[in-house]
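J.: First, the structure itself, so that you have it in front of you.
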């Protein structure tokens with residue numbers, strides 16, 4: 296059954312008290328309705344439509360049905376216009392995002408999330424970034440780069456980036472780096488290939504159909520051997536995404552500092568990350584908020 300037939304059946308029954316409630320037909324619509332009825336009868340009797348003659352009563356009945364059908368067609372058109380009417384994408388101001396962030400962070404952390412002197416500077420930059428604010432550049436934030444959030448254990452890096460995963464700048468999914476090791480051992484280089492493609496989604500509330508990735512806790516994954524080759528999946532992913540994916544579609548959280556990154560991943564990866572990311576670092580005095 297065609298979708299319009301389904302809609303027609305689902306529409307409320309018309310309350311028609313007289314013919315005056317029905318729309319008039321144009322000459323073309325009248326002729327079309329009469330010819331359609333002649334064709335229907337001709338098929339039934341196996342003769343030519345030209346051989347069919349309709350009585351005045353039959354014509355009146357055909358035109359009455361056509362006028363009722365016109366009402367249904369109008370309602371169907373109204374239905375599709377309502378469905379197809381564009382809803383503008385969600386667009387938050389910095390203040391609105393700040394309020395939404397605090398609510399979501401408190402929900403994730405299961406306690407009130409506090410913006411204080413240890414995280415305020417970083418969060419204010421992230422509010423500018425994830426609203427794609429014109430003021431981001433003044434704050435030293437490049438909207439064409441991703442976010443590299445660095446800091447000690449328990450400073451809230453993962454919670455913060457989880458809260459921003461759906462945003463009007465570039466939404467992203469969350470991937471634990473530790474799991475990449477196990478996925479690589481099980482599935483091999485196809486995992487790396489999967490992470491070097493832009494993921495598509497059904498259009499979200501921000502009208503986005505493509506999303507990025509936030510790699511959480513870089514440095515917790517391990518090198519693993521596959522067919523004798525020792526490979527670090529994150530190294531391969533970073534180098535490939537640098538070449539193949541817009542930089543603002545990749546984000547990372549890590550406990551490592553810049554020297555650690557070079558030690559574990561090499562100077563080339565450190566150099567690429569410098570180009571790919573806005574680097575935001577928690578002060579070493581930032582407290583462990585898990586306590």
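Numbering (my numbering), first residue to last: 296 to 586.
Where a beta carbon is used, it is the ideal one built from N, C-alpha and C, also for glycine.
Check the DSSP bridge columns for residue 444 and list the partner residues they point to.
T.: Taking the first residue of the chain shown as position 1, residue 444 is located at position 149. According to DSSP, which records beta bridges pairwise, residue 444 is partnered with 548 and 575.
J.: Helix, strand or coil, according to DSSP, for residue 461 in the structure here?
T.: As a first step, residue 461 must be located in the chain shown, where it is residue number 166. It is coil, neither helix nor strand.
J.: With distance defined between alpha-carbon atoms, name the residue in 362, 346 and 490 nearest to residue 327.
T.: Locating residue 327 in the chain shown gives position 32, where the first residue counts as 1. Among 362, 346 and 490, the Cα nearest to that of residue 327 is on 362.
J.: Going straight from the alpha carbon of residue 334 to that of residue 354, what length do you get?
T.: The residue you call residue 334 lines up with position 39 of the chain shown. The residue you call residue 354 lines up with position 59 of the chain shown. Near 14 Å, if we compare the C-alpha coordinates of residue 354 and residue 334.
J.: Relative to the C-alpha of residue 588, which residue among 542, 450, 316 and 571 is closest?
T.: The chain is shown from 296 up to 586; residue 588 falls before or after that span and cannot be answered.
J.: State the CB to CB distance for the pair residue 382 and residue 426, rounded to an integer number of angstroms; the pair is presumed to be in contact (CB under 8 Å).
T.: Residue numbering aside, residue 382 sits at position 87 when the chain shown is read from its first letter. Residue numbering aside, residue 426 sits at position 131 when the chain shown is read from its first letter. In fact, because the Cβ distance is near 19 Å, the residues do not count as touching under 8 Å.
J.: For residue 506, list the residues DSSP reports as bridge partners.
T.: Indexing the chain shown from 1 puts residue 506 at position 211. 494.
J.: Can you tell me which of the three DSSP states residue 468 falls into?
T.: Working through the chain shown from its first residue, we reach residue 468 at position 173. Strand, per DSSP.
J.: For the putative contact between residue 460 and residue 499, defined by C-beta atoms under 8 Å, what is the C-beta separation to the nearest angstrom?
T.: Locating residue 460 in the chain shown gives position 165, where the first residue counts as 1. Locating residue 499 in the chain shown gives position 204, where the first residue counts as 1. Contact doesn't hold; Cβ gap of about 11 Å is too wide.
J.: Taking C-alpha atoms, which residue in 396, 446 and 400 lies nearest to residue 423?
T.: Your numbering for residue 423 matches position 128 in the chain shown. Looking at the Cα atoms, 396 is the closest of the given residues.
J.: With H, G and I counted as helix, E and B as strand and the rest as coil, what does DSSP make of residue 555?
T.: For the purposes of this step, residue 555 is taken as the residue at position 260 of the chain shown. The answer is helix: DSSP assigns residue 555 an H, G or I state.
J.: Going by DSSP, what residue range makes up the alpha helix (DSSP H) through residue 535?
T.: On the chain shown, residue 535 is found 240 positions in, with the first residue counted as 1. Looking at the DSSP string, the run of the alpha helix (DSSP H) that includes residue 535 is 528-539.
J.: Whose C-alpha, out of 539, 400, 411 and 534, is nearest the C-alpha of residue 582?
T.: Position 287 of the chain shown holds residue 582. It is 411 whose Cα lies nearest to the Cα of residue 582.
J.: Quick one: is residue 356 buried, meaning 16 or more other Cβ sit within 10 Å of its Cβ, or exposed?
T.: Start at 1 with the first residue of the chain shown, and residue 356 comes out as number 61. That one is exposed.
J.: Going along the chain, which residues of its own chain have a beta-carbon closer than 7 Å to the beta-carbon of residue 393, five neighbours each way excluded?
T.: Translated into positions along the chain shown, residue 393 becomes position 98. Around residue 393: 422.
J.: Among residues of its own chain, excluding the 5 on either side of residue 529, which ones have a beta-carbon nearer than 8 Å to its beta-carbon?
T.: Here the question's residue 529 lines up with position 234 in the chain shown. The residues are 472, 475, 510, 513, 516 and 560.
J.: Can you give me the C-alpha to C-alpha distance between residue 371 and residue 585, rounded to a whole angstrom?
T.: Locating residue 371 in the chain shown gives position 76, where the first residue counts as 1. Locating residue 585 in the chain shown gives position 290, where the first residue counts as 1. Cα to Cα, residue 371 sits roughly 56 Å from residue 585.
J.: Restricting to Cα atoms, I'd like to know which of 452, 541, 503 and 317 is closest to residue 369.
T.: Against the chain shown, residue 369 aligns to sequence position 74. It is 317 whose Cα lies nearest to the Cα of residue 369.
J.: Is there contact between the segment 439-459 and the segment 536-552, where contact requires at least three CB pairs shorter than 8 Å?
T.: Segments in contact, yes.
J.: What is the rounded straight-line gap between the Cα of residue 494 and the Cα of residue 468?
T.: Here residue 494 is taken as the residue at index 199 of the chain shown, counted from 1. Here residue 468 is taken as the residue at index 173 of the chain shown, counted from 1. If I take the Cα positions, the gap works out to 9 Å.
J.: What are the uninterrupted segments assigned as alpha helix (DSSP H) that are 4 or more residues long and contained completely in the segment 333-386, given in chain order?
T.: Here the runs fully enclosed are 351-379.
J.: Does the beta-carbon of residue 330 have 16 or more other beta-carbons within 10 angstroms, so that it is buried, or is it exposed?
T.: Position 35 of the chain shown holds residue 330. Flag for residue 330 reads exposed.
J.: Taking the beta carbon of residue 391 as the centre, do at least 16 other beta carbons fall within 10 Å, making it buried, or is it exposed?
T.: Indexing the chain shown from 1 puts residue 391 at position 96. Classification for residue 391: exposed.
J.: Please go through the same chain and pick out, in chain order, the residues whose beta-carbon is closer than 7 Å to the beta-carbon of residue 504, but skip the five residues on each side of it.
T.: Your numbering for residue 504 matches position 209 in the chain shown. Excluding residues within five positions, the ones whose Cβ falls inside 7 Å are 495, 496 and 498.
J.: Drop a sphere of 10 angstroms on the beta-carbon of residue 522, count the other beta-carbons inside from all chains shown, and report buried for 16 or more, exposed for fewer.
T.: As a first step, residue 522 must be located in the chain shown, where it is residue number 227. Residue confidence is low: residue 522 scores 45 on pLDDT, short of 50, so the model does not pin down where it sits. Its coordinate-derived value is still stated next. Exposed is the call here.
J.: Does the beta-carbon distance from residue 491 to residue 532 come in below 9 Å?
T.: What you label residue 491 is simply residue 196 of the chain shown in a count that begins at 1. What you label residue 532 is simply residue 237 of the chain shown in a count that begins at 1. Cβ distance < 9 Å, so residue 491 and residue 532 count as in contact.
J.: Is residue 583 helix, strand or coil by DSSP?
T.: Reading the chain shown from its first residue, position 288 is the one you call residue 583. Residue 583 falls in the coil class under three-state DSSP.
J.: Please report how far the alpha carbon of residue 563 lies from the alpha carbon of residue 572, in whole angstroms.
T.: The residue given as residue 563 occupies position 268 in the chain shown. The residue given as residue 572 occupies position 277 in the chain shown. So the alpha carbons of these two residues sit roughly 14 Å apart.
J.: Return the first residue and the last residue of the alpha helix (DSSP H) that residue 272 is part of.
T.: One cannot answer for residue 272 here, as it falls past the ends of the chain, which runs 296 to 586.
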